[in-house]
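First residue of the sequence shown? That's 63 in our numbering, and the numbers climb one at a time after it. Every residue gets a Cβ at the ideal spot worked out from N, C-alpha and C, and that includes glycine. First comes the structure, then the notes that go with it.
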Amino acid sequence: AYARHLLNEIWKHAWNRKRQALTAYWGGERVGPSILRLAEIGFVSSTDWR
């Protein structure tokens with residue numbers, strides 16, 4: 063349950079609509095290199111459009 067809550071919080075606070083990307087920090091504009099590993103760690107599917 064907490065993992066789902068945390069996932070929702072990340073999408074809510076780290077997603078930047080203007081850039082159409084997750085940012086390096088909540089409410090940010092910059093995209094960090096760790097974003098490239100999200101599919102590798104199972105955070106998103108490798109076919110996810112985001």
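- Per DSSP, the beta bridge partners of Leu84 are Trp77.
- Within the same chain, and ignoring the five residues on either side of Ser107 in sequence, the residues whose Cβ sits closer than 8 Å to its Cβ are Ala101.
- The shortest C-alpha to C-alpha distance from Leu98 to any of Gly89, Thr85 and Gly90 is the one to Thr85.
- Distance from the Cα of Asp110 is smallest, within the candidate group Gln82, Gly89, Val93 and Pro95, for Gln82.
- In this structure, the CA atom of Ala63 is about 29 Å from the CA atom of Arg92.
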